[in-house]
Amino acid sequence: MADRRERYERRQRSRERRQQEGRSVRRRNLRRTLLMVTGGLVVVVLVIAGLGLFMITRSTFGKELPPTGFTPAHLESFPPQQINGRPIPRL
């Protein structure tokens with residue numbers, strides 16, 4: 866009878882120990898997940914704040930710009946048509 870009782874208690878102790886280990890592992894996994902999510906949110910907030918600050922500092926709204934010789938119709942791009950109609954001779 867004492868043998869049975871000892872075996873039962875041993876099983877109960879090992880079961881308790883396994884449950885406790887499972888709880889601690891779950892707690893560590895949850896903590897790691899929360900840290901990763903928090904870190905990701907911090908990075909996103911910093912990127913958005915940096916872009917906002919960049920856009921605010923680079924904005925020309927309300928600033929006096931230096932005068933240039935170009936009219937408002939001036940567009941710095943390729944000319945509307947080819948200047949030289951002669952093709953480039955191949956070597």
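With our numbering as the guide, the letters of the sequence shown map in order to residues 866 to 956.
Positions of the beta carbon are idealized from the N, C-alpha and C atoms, including for glycine.
Bear in mind the structure is a predicted one, so any value in this text is a computation, not a measurement.
Taking the continuous alpha helix (DSSP H) assigned at F919, which residues delimit it?
A867 to R923
Please report the distance separating the alpha-carbon of R897 from that of A867.
Cα to Cα, the separation comes out at about 45 Å.
Please report the straight-line C-alpha distance between Q885 and V908, rounded to a whole angstrom.
35 Å
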